[in-house]
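Here is the structure we will look at.
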Amino acid sequence: MSLADMLYSQGFGTRRVCAGLVQQGLVRLEGVPEPVTDALHAVEARERLGFTVQGQPWEYHAQAYVLLHKPAGTECSQKPSAWPSIYTLLPAPLRQRPQKGAVQGVQAIGRLDQDTTGMLLLTDDGKLIHQMAFPRRHVPKVYEVTCRHPVDSAQIQRLLAGVVLDDDPKPVRAAACEQTDDHALRLTLTEGKYHQVKRMVAAVGNRVEALHRSRIGALELPADLAPGQWRWLTPAELEAARQTAPAATPAA
Ligand code: URA
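Residue numbers for the sequence shown follow the working numbering, beginning at 1 and rising by one.
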């Protein structure tokens, strides 16, 4: 592909803007000593090919797979109502990647509440979004829950046995639940109902004070990724994400 097309595919602006960036000598390719100024210069775009645009280092990814540590006080919507959007935490090229198939740019796979912190996966790979977000795939998600009242074994047993929420007579149960402190639980859910953790914990007579998602399937939030930070998934993490969603089970 041409250098200008490569920049366009990576979210550096319209095709015209990308051609202009190249012509002005603002783009440098890894291993090439001088800026390339021909917008039609042919590039063999391989994964993680390094380049800089106006001094900003970037790497080529045919599709974007990103981990974000969501801080509290952010909304997962592109058009937030009260809090800043999580998308403002991503650099412009990630926010501006062009539409791929049915997917309009980089999207979060699932959502967390405004006050929930922790792991979010974002991608423009429609297949992965479908695989991981499809309810019947039952991808396990692990939440660290801080409760207002002390946790007891009766609450844990009820969360494991199943509780009825107000919008569905069918009980929802935790796939796993363990006490991690006097006032803390680790809860694994394989569904993603609205405010599910908060409503389940309320249903057993306690209340969520703080909520943090530490794991999605085989992927764990890296300890060195601070709140508000993002990074590309490593090839091993991407493979783990793809393996995470087992085949859909038939409807009961
Ligand atoms: N359950 C909730 O109640 N909130 C979240 O953000 C995620 C799961």
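A virtual CB, placed ideally from N, CA and C, is assigned to each residue, including glycine.
Have a look at residue i and residue j and give me their C-alpha separation to the nearest angstrom.
i	j	result
Leu-211	Cys-76	15 Å
Lys-79	Gly-73	14 Å
Gly-31	Gln-114	43 Å
Glu-34	Pro-93	23 Å
Glu-59	Arg-48	5 Å
Gly-13	Ile-86	21 Å
Val-197	Arg-137	19 Å
Leu-7	Ala-223	32 Å
Ser-153	Arg-199	18 Å
Ala-176	Ala-42	52 Å
Arg-254	Gln-23	Residue 254 lies beyond the range of the chain shown here (1 to 252); nothing can be said about it.
Arg-97	Val-204	44 Å
Thr-234	Asp-168	39 Å
Glu-44	Glu-191	42 Å
How far does the beta strand (DSSP E) with residue i in it reach, from first residue to last?
i	result
Ile-216	208-216
Tyr-60	Per DSSP, Tyr-60 belongs to no beta strand (DSSP E) and is neither H nor E.
Gln-260	Beyond the ends of the chain as shown, which are 1 and 252, falls residue 260; an answer cannot be given.
Lys-79	No beta strand (DSSP E) holds Lys-79; DSSP gives it neither H nor E.
Gln-16	Going by the sequence as given, residue 16 is Arg instead of Gln. Counting along the chain, Arg-16 falls outside any beta strand (DSSP E), though it belongs to the alpha helix (DSSP H) covering 15-23.
Leu-122	117-123
Could you tell me if residue i is buried or exposed, where buried requires 16 or more neighbouring beta carbons within 10 angstroms of its beta carbon?
i	result
Thr-117	buried
Ala-4	buried
Leu-221	buried
Ala-64	buried
Thr-37	exposed
Val-145	buried
Val-139	buried
Asp-166	exposed
Ala-102	exposed
Met-1	exposed
Val-164	exposed
Arg-16	exposed
Leaving out the 5 sequence neighbours to the left and right, which residues in its chain are closer than 7 Å to residue i when beta-carbon positions are compared?
i	result
Ala-252	Confidence at Ala-252 is low in this model, with a pLDDT of 44, below 50, so the placement of that residue should be treated as unreliable; the coordinate-derived value is given next. Nothing meets the Cβ criterion.
Leu-225	Leu-67, His-69, Arg-231
Gln-179	Val-151, Ile-156, Leu-185
Arg-111	Cys-76
Ala-218	Ala-240, Gln-243, Thr-244
His-195	Asp-113
Pro-227	His-69, Pro-71, Thr-117
With a threshold of 8 Å on Cβ separation, who are the neighbours of residue i within its own chain once the five nearest residues in sequence on each side are excluded?
i	result
Cys-147	His-183, Ala-184, Leu-185, Val-201, Asn-206, Arg-207, Val-208, Glu-209
Ala-19	Ala-4, Ala-39
Leu-90	Val-66, Leu-68, Val-106, Leu-122, Trp-230
Ala-236	none
His-61	Gln-10, Glu-47, Arg-48, Trp-232
Pro-135	Glu-191, Gly-192
What residue range is occupied by the uninterrupted alpha helix (DSSP H) comprising residue i?
i	result
Asp-5	3-9
Ala-236	235-244
Ala-184	Where Ala-184 is concerned, there is no enclosing alpha helix (DSSP H), although the beta strand (DSSP E) it sits in stretches over 184-189.
Arg-95	92-95
Pro-198	A small correction: the amino acid at residue 198 is Lys; Pro does not occupy that position in the sequence shown. Here the alpha helix (DSSP H) through Lys-198 covers 196-203.
Arg-158	153-161
Val-145	It is not in any alpha helix (DSSP H) - Val-145 instead sits in the beta strand (DSSP E) that spans 141-147.
Gly-126	126-133
Could you pull out every residue in the same chain whose Cβ sits closer than 6 Å to the Cβ of residue i, ignoring the five residues on either side in sequence?
i	result
Arg-215	Val-142
Ile-109	Leu-121, Ile-129, Met-132, Ala-133
Arg-95	Tyr-87
Lys-100	Asp-124
Is it a yes or a no for the region 15-30 touching the region 46-62, going by three-plus beta-carbon pairs under 8 Å?
Flag = yes, the region 15-30 and the region 46-62 touch.
So, do the region 81-98 and the region 170-183 have three or more beta carbon pairs nearer to each other than 8 Å?
Touching, no, given that fewer than three Cβ pairs across the two stretches are closer than 8 Å.
Spell out a yes or no on whether the region 185-195 and the region 157-177 are touching, meaning 3 or more CB-CB pairs, one atom from each, closer than 8 Å.
Touching, yes, given that three or more Cβ pairs across the two stretches are closer than 8 Å.
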